[in-house]
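Peer 1: Going by UniProt numbering, the sequence shown wraps up at 86, each residue one higher than the last. Here it is, the structure in full.
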Amino acid sequence: MNYLWFFVVAGGAALLGIALAFGMIKQDGRRSIAAIAGASVVAIGALGLGLYVASAPTAPLRASDREGSQSRLPAAPTTEKDLPGK
Numbered sequence: 001m002n003y004l005w006f007f008v009v010a011g012g013a014a015l016l017g018i019a020l021a022f023g024m025i026k027q028d029g030r031r032s033i034a035a036i037a038g039a040s041v042v043a044i045g046a047l048g049l050g051l052y053v054a055s056a057p058t059a060p061l062r063a064s065d066r067e068g069s070q071s072r073l074p075a076a077p078t079t080e081k082d083l084p085g086k
């Protein structure tokens, strides 16, 4: 289901970009080609950065257990005694 929404959003953005590029080329062909090329370079760079971030390792997850050991970790959830003024 996530991929469906990805294609809907990305497809809509791509169609909008194509429509804008077509309109720019119709108005001023030579000048718009440089702008479209620059936008393409930025888009390719953003795609590369997105793939790099997506492949970077994340912090390990510890699932909850019956003993509640996740609450004794250094980054445990805040409790009432941790709040100021208590």
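All residues carry an ideal CB built from backbone N, CA and C; glycine is no exception.
Cβ atoms of Gly17 and Ala39: under 9 Å apart, would you say?
Peer 2: The count along the sequence shown starts at 1 and reaches residue 39 at position 39. The count along the sequence shown starts at 1 and reaches residue 17 at position 17. Cβ distance < 9 Å, so Ala39 and Gly17 count as in contact.
Peer 1: So, helix, strand or coil for Asp82, using DSSP?
Peer 2: Working through the sequence shown from its first residue, we reach residue 82 at position 82. In the structure shown, Asp82 sits in a helix (DSSP, three-state: H, G or I).
Peer 1: What did DSSP end up calling residue 100 once you bin it into helix, strand or coil?
Peer 2: Residue 100 is absent from the structure shown; the chain starts at 1 and stops at 86.
Peer 1: Tell me the DSSP secondary structure of Ser64 in three-state form.
Peer 2: For the purposes of this step, residue 64 is taken as the residue at position 64 of the sequence shown. In the structure shown, Ser64 sits in coil (DSSP, three-state: anything other than H, G, I, E or B).
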